[in-house]
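Peer 1: Line by line, the protein sequences are chains A and B. FYI, this note's numbering numbers position 338 of the first sequence as 1411, with every residue one higher than the one before it. FYI, this note's numbering numbers position 220 of the second sequence as 1293, with every residue one higher than the one before it. Idealized CB from N, CA, C, for every residue including glycine.
Number of protein chains: 2
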Amino acid sequence: MANSLTALRETNRRLITETVRKSGSLTQAQLARQTGLSPATVSTIVRELRDAGLVEISQAGGRRHLISPVRETGLVVGVDFGHSHLRVALAERSHRVLAEEAIPFDMGVRAPEGLAAAERLIIDLLGRAGVDRAEIKAVGLGLPGPIDPQTGIMGSSTILPGWAGVDPAAELGRRLDVPVVVDNDANLGALAEATWGAAKGRREVAYMKIGTGVGASILIDGRLYRGATGTAGELGHITIDENGRLCRCGNRGCLETLAGGQQLIDLVRPTHGQVTVSRLVELAHGGDIGCRRVIADAGRHLGVAVASLCNILNPGLVVIGGALAEAGPLLIEPIMTVVGRLAIPSAAHAVTVVKGELGERAGVLGALARVQSPNIESAL
Amino acid sequence: MANSLTALRETNRRLITETVRKSGSLTQAQLARQTGLSPATVSTIVRELRDAGLVEISQAGGRRHLISPVRETGLVVGVDFGHSHLRVALAERSHRVLAEEAIPFDMGVRAPEGLAAAERLIIDLLGRAGVDRAEIKAVGLGLPGPIDPQTGIMGSSTILPGWAGVDPAAELGRRLDVPVVVDNDANLGALAEATWGAAKGRREVAYMKIGTGVGASILIDGRLYRGATGTAGELGHITIDENGRLCRCGNRGCLETLAGGQQLIDLVRPTHGQVTVSRLVELAHGGDIGCRRVIADAGRHLGVAVASLCNILNPGLVVIGGALAEAGPLLIEPIMTVVGRLAIPSAAHAVTVVKGELGERAGVLGALARVQSPNIESAL
DNA sequence: AGGTGTACGTTCAATCCCTGAACAAGGGAG
DNA sequence: CTCCCTTGTTCAGGGATTGAACGTACACCT
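Right, dumping it as structure tokens:
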């Protein structure tokens, strides 16, 4: 705070840069109205930013100048590890996706193999898009497990035994020689839905990802909430039934053991054989009574958790993502029913439960978003 | 943001006012060092504040001027309704308590009777302190039920039937002819513990009040978190046992039906006769096995809820207040044990569970705090 | 086609704010 | 008692924002 005047100028410069980055491109007049600054100030600041190479100015008819964020060169990569898949997307800085691919993948392997697979898939995508490896400027990496936000090291050895203690961002960064930011897959899904999807513009949101496991992430005042030590949102391991089935986290009756995709798969195996979550959802949509029942039961268990969440946090919106979310109303209606019954009325009235709009791409898109706007999260 | 320059000045003025209010009284030089502003700026702003009557200046030897917050005149009252008691405190603006009293009280009565009782107790206290009624400038009011933060009207007719639909702040304000701010008793307890008690200076805190019922309140980034519609923290009515006992909220197996004081009283009635929660805690401290067991069981049930809370929010501190908290380790150790078992390890390691420091006075002190600093809460 | 109105971006003087330096006034150490 | 340090004030200087005035170009109406 050496000089509050220059600090003020800095603030306003940042304000304008942010506004430009968010809106894509606008004229100075629009900028002035949106920021509340006077046209004169906008004029001088825009010139400064142009001289600094932070924005680009193009003529747009009349005196209108179109201010756009500087055409960021280079590409970014999003990597999304699921329990049973690995998805990678190659995108421009503007988030336009150039190439994307998902492959089946078993998270049970050790970290080195997993990261090697990601590296191979990235290089494959580069080749397909005809892009040189050096074009990649940054990578966003999503993982289905707890990550210490201070160190970036994965914790909780019981959940992903092959990954505990490793620093995936550093590892992958060393392999590719670019900066890598890492985050929980549910956090990234929430980020994607908040940026482009069902939670766009909402402030108090809970996001639940129901894939093989169950993860969650919380947006408070529009920002990712991480809690005191960065593990907020582990809704998959709250206890629903103290005497329930053993969970991979070591406890009994976690939500995940009742509503996770793995459980559903196990439940239909005797009658339907080995299926994937997506196949199970397909069958349910096709009218299969057993699958519908299994999904509805999962919804009811999820409803118990969402009701607790509503009582505790009183969110305005709950977004359901992950493979099971594709069941749509088959899953969401039971959730709502249970929430209506178990949550206190004022919290139940306040909340809407919807399916995510980005589907299975949420994680990888969130990874792309995370690379660009690392500061959407709460300060911590 | 009409004029950013004047906005800047406003910010700095506020910065100085806050610093003065916090530190009690200091010199201009100290002020300059603490705020990072130049002595010149401090000088002019202090003069402005003096002229506006917001601070007082006294000579303190040499050129030293002692800047102190203006001696606030008048008194404030805190009112805390519990399920079974009513507590009122009369205090100076500086929070020095002049008189305080608690009486047994049944929240089952209708709102007018309750507010009349509060009024009588306030007038009683005024007489005892020898203070005129006109000295009261504001009242803080705590109630053990959900309050719509927009309208101030009490909701959820099932929980406090005699109070649903009334606007207690307006009612009491009309009776006493002073402004009244109203809030949930758990929120006020949290506020008090955060201001003077066990949570002083902590940022991520959950407060649980276990009296006749069970309430909770959440501090996020040091501010009261209210959620989308103001009912965040209703932890007493999360479902622990879907097939459990009926709760006054209309559901089954709420935490409150398992760990609320009322349940404990009911449990020991066959063997110990009708007792209060405080008496039950006394007996437990005296070595009564039955009471100890009942409290430990309640602790285990609370532990399930706290574990969920930890998984969802990952707080750094959980403060236990209310009458049952006086059981101390008899209650808290079972909580910690269950949290250690059910919460994910990283969240369990992060959290400390402690007894509140303010005891049964937490609510009424919080009401006093709330009158003075209504802006501690999140913006919403 | 021509005229008029409107919106846009730039420039400039005015205004407001913060800061560094100079300065007066005391208190404390030696 | 003197020197030195700290404190608060004053003043000039430089930044930053703004309102008003101005030139320009497009759109629309006649």
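Looking only at C-alpha atoms, which of A/1122, A/1318, A/1184 sits nearest to residue 1340 of chain A?
Peer 2: A/1318
Peer 1: Under a three-way DSSP split, which group does residue 1391 of chain A fall into?
Peer 2: strand
Peer 1: Three Cβ pairs or more, each shorter than 8 angstroms: is that satisfied between the segment 1416-1424 of chain A and the segment 1302-1313 of chain A?
Peer 2: no
Peer 1: At what residues does the beta strand (DSSP E) containing residue 1188 of chain A begin and finish?
Peer 2: Segment 1184-1202 is the alpha helix (DSSP H) holding residue 1188 of chain A; no beta strand (DSSP E) there.
Peer 1: Using three-state DSSP, classify residue 1452 of chain A as helix, strand or coil.
Peer 2: Only weak support exists for where residue 1452 of chain A lies, its pLDDT of 26 falling under 50; the value from the coordinates is given anyway. Coil at residue 1452 of chain A, not helix or strand.
Peer 1: Closer than 9 angstroms between beta carbons: that is the criterion. Which residues of the segment 1286-1306 of chain B meet it against chain A?
Peer 2: 1289, 1291, 1293, 1294, 1298, 1299, 1300, 1301, 1302, 1303, 1304, 1305, 1306
Peer 1: Could you please tell me which residues of the segment 1357-1383 of chain A, in chain order, have their CB closer than 8 angstroms to any CB of chain B?
Peer 2: 1377, 1380, 1381, 1382
Peer 1: Taking residue 1412 of chain B as the reference, give the member of A/1324, A/1439, A/1363, A/1328 with the closest Cα.
Peer 2: A/1324
Peer 1: Quick one: Cα of residue 1150 of chain A to Cα of residue 1214 of chain A, how far?
Peer 2: 8 angstroms
Peer 1: Do the CB positions of residue 1176 of chain B and residue 1158 of chain B come within less than 8 angstroms of each other?
Peer 2: When the beta-carbon positions are compared, residue 1176 of chain B and residue 1158 of chain B come within less than 8 angstroms of each other.
Peer 1: My guess is that residue 1368 of chain A and residue 1328 of chain A are in contact by the Cβ rule of under 8 angstroms, so how many angstroms apart are they, rounded?
Peer 2: Separation of the CB atoms of residue 1368 of chain A and residue 1328 of chain A is rounded to 15 angstroms, and the pair is thereby denied contact status at 8 angstroms.
Peer 1: What in chain B is Cβ-close to residue 1419 of chain A, meaning under 9 angstroms?
Peer 2: 1219, 1221, 1228, 1229, 1302, 1303, 1304, 1307
Peer 1: Could you have a look at residue 1307 of chain B and say whether DSSP puts it in helix, strand or coil?
Peer 2: coil
Peer 1: Please name the residues in the segment 1404-1415 of chain B whose beta-carbon is closer than 8 angstroms to at least one beta-carbon of chain A, in chain order.
Peer 2: 1414, 1415
Peer 1: In three-state DSSP terms, what is residue 1146 of chain B?
Peer 2: In the three-state scheme derived from DSSP, where H, G and I count as helix and E and B as strand, residue 1146 of chain B is classed as coil.
Peer 1: Using the Cβ count rule (16 or more neighbours within 10 Å means buried), how would you classify residue 1256 of chain A?
Peer 2: buried
Peer 1: Report whether the distance from the Cβ of residue 1406 of chain A to the nearest heavy atom of the ligand NAD is below 7 angstroms.
Peer 2: In the structure on display, the ligand NAD does not appear, and there are no ligands present to speak of.
Peer 1: To the nearest angstrom, how far is it from the Cα of residue 1099 of chain B to the Cα of residue 1120 of chain A?
Peer 2: 44 angstroms
Peer 1: Counting C-beta neighbours from all protein chains within 10 Å, is the total for residue 1186 of chain B 16 or more, i.e. buried, or is it exposed?
Peer 2: exposed
Peer 1: Can the beta-carbon of residue 1303 of chain B be found closer than 8 angstroms to that of residue 1259 of chain B?
Peer 2: no
Peer 1: Identify, in the order they occur along the chain, each residue of the same chain with its Cβ nearer than 6 angstroms to the Cβ of residue 1445 of chain A, setting aside the five sequence neighbours on each side.
Peer 2: Counting only Cβ-Cβ distances below 6 angstroms, and skipping sequence neighbours, we find nothing.
Peer 1: So the candidates are B/1160, B/1285, B/1292, B/1112; which of them puts its Cα closest to the Cα of residue 1275 of chain B?
Peer 2: B/1292
Peer 1: With a CB to CB cut of under 6 angstroms and the five nearest residues on each side skipped, what residues in its chain are close to residue 1107 of chain A?
Peer 2: Taken in chain order, the residues that qualify are 1092.
Peer 1: What did DSSP end up calling residue 1107 of chain B once you bin it into helix, strand or coil?
Peer 2: helix
Peer 1: Which class does residue 1409 of chain A belong to by DSSP, given the choice of helix, strand or coil?
Peer 2: Helix, per DSSP.
Peer 1: What's the C-alpha gap between residue 1321 of chain A and residue 1235 of chain A?
Peer 2: 13 angstroms
Peer 1: Helix, strand or coil for residue 1445 of chain B, going by three-state DSSP, please let me know.
Peer 2: helix
Peer 1: Could you give the distance in angstroms between the alpha-carbon of residue 1090 of chain A and the alpha-carbon of residue 1127 of chain A?
Peer 2: 8 angstroms
Peer 1: Kindly list the residues whose CB is nearer than 7 angstroms to the CB of residue 1201 of chain B, restricted to its own chain and excluding five residues on each side of it in sequence; keep chain order.
Peer 2: Take residue 1201 of chain B, set aside five residues on each side of it, and the residues of its chain with a beta-carbon closer than 7 angstroms to its own are 1172, in chain order.
Peer 1: Candidates A/1290, A/1170, A/1203: which alpha carbon is nearest residue 1219 of chain A's?
Peer 2: A/1290
Peer 1: Tell me which residue opens and which closes the beta strand (DSSP E) that residue 1376 of chain A is part of.
Peer 2: It is not in any beta strand (DSSP E) - residue 1376 of chain A instead sits in the alpha helix (DSSP H) that spans 1362-1386.
Peer 1: Determine which residues share a DSSP beta bridge with residue 1154 of chain A and list them.
Peer 2: Within the DSSP bridge table, the entry for residue 1154 of chain A names A/1159 as partners.
Peer 1: I'd like to know whether the C-beta of residue 1351 of chain B is nearer than 8 angstroms to at least one C-beta of chain A.
Peer 2: no
Peer 1: Could you check the C-alpha separation between residue 1392 of chain A and residue 1430 of chain A for me, to the nearest Å?
Peer 2: 9 angstroms
Peer 1: Below 6 angstroms CB to CB, which residues in the same chain sit around residue 1114 of chain A once its five sequence neighbours on both sides are set aside?
Peer 2: none
Peer 1: Should residue 1113 of chain B be flagged as near chain A, meaning a C-beta pair shorter than 8 angstroms?
Peer 2: no
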